[in-house]
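In my numbering, the protein residues as written are 3 to 201. We put the beta carbon where it would ideally sit given N, CA and C, even for glycine. A quick note: this is a predicted structure, and the numbers were derived from the prediction, not measured. Here the structure comes first, spelled out in structure tokens, and everything after it is commentary.
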């Protein structure tokens with residue numbers, strides 16, 4: 003079951019999701035510099051000092067079969083504009099989480115996130131045949147929480163004192179999910195939103 007999550011390119015109308023490679027370092031950093039996203043303390047966006055560790059950790063998780071990290075490529079410019087991944091993968095339980103998602107500031111609130119989620123969710127439910135897709139975010143990240151709800155996910159609960167952050171603070175984590183029985187209606191909604199953003 004270790005190789006259940008094979009690297010794959012997911013292609014949409016406006017973006018491609020391409021498996022992360024070490025060679026993406028400079029473009030990733032350039033994307034994160036648009037808005038200096040690493041300054042948002044409740045996110046995990048890599049800075050110049052941490053981008054190599056960020057990539058190594060993601061690729062180590064991929065090797066272990068628990069993650070599949072992507073870079074987000076804008077088709078119009080060919081540039082990397084962010085990153086996302088399947089993470090906390092449980093092949094035995096047919097569950098994945100979508101996380102570590104961030105986009106350059108200039109591509110936020112443009113429809114990019116909706117299209118990326120449509121690609122990731124379609125692959126998860128229709129190819130990997132998962133029974134559920136989870137989303138987790140910091141209690142204080144209200145923008146992320148609202149974005150997840152807008153996708154059609156439902157809040158499962160809050161994990162209080164869920165984990166220690168690198169700076170010593172304790173994170174409360176909000177957990178959401180979309181389950182297999184909900185996918186058809188969620189997909190219909192996301193396809194409508196993507197087509198509306200395109201027009």
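Straight-line spacing of the CA atoms in residue 90 and residue 7 works out to 12 Å.
Closest in C-alpha terms to residue 182, from the list 29, 34 and 123, comes 123. One alpha carbon belongs to residue 148, the other to residue 141, and they sit about 11 Å apart.
Inclusion of residue 138 and residue 175 in the CB contact set at 8 Å is warranted, their separation being smaller than that value.
In the displayed model, residue 129 falls within a helix according to three-state DSSP. The shortest CA-to-CA distance from residue 27 to any of 74, 135 and 11 is the one to 74.
Approximately 5 Å separates the beta-carbon atoms of residue 165 and residue 173; this is inside 8 Å, confirming the contact.
Contact between the stretch 106-123 and the stretch 16-23 is present, with at least three C-beta pairs closer than 8 Å.
The distance from the Cβ of residue 120 to that of residue 192 is about 4 Å, consistent with a contact at the 8 Å cut-off. With contacts defined as CB atoms closer than 8 Å, residue 177 and residue 158 qualify as a contacting pair.
Residue state for residue 171 is assigned as coil, using DSSP reduced to three classes.
Closest in alpha carbon position to residue 127, among 51, 109, 184 and 144, is 184. In terms of Cβ geometry, residue 133 and residue 87 do not form a close pair [threshold 8 Å]. Each residue's CA atom was taken as its position, placing residue 76 and residue 60 some 21 Å apart. CA-to-CA, the gap between residue 83 and residue 92 works out to about 28 Å. When the Cα atoms are used, residue 69 and residue 199 turn out to be separated by approximately 29 Å.
In this structure, residue 135 lies near residue 100, with their beta-carbon atoms less than 8 Å apart.
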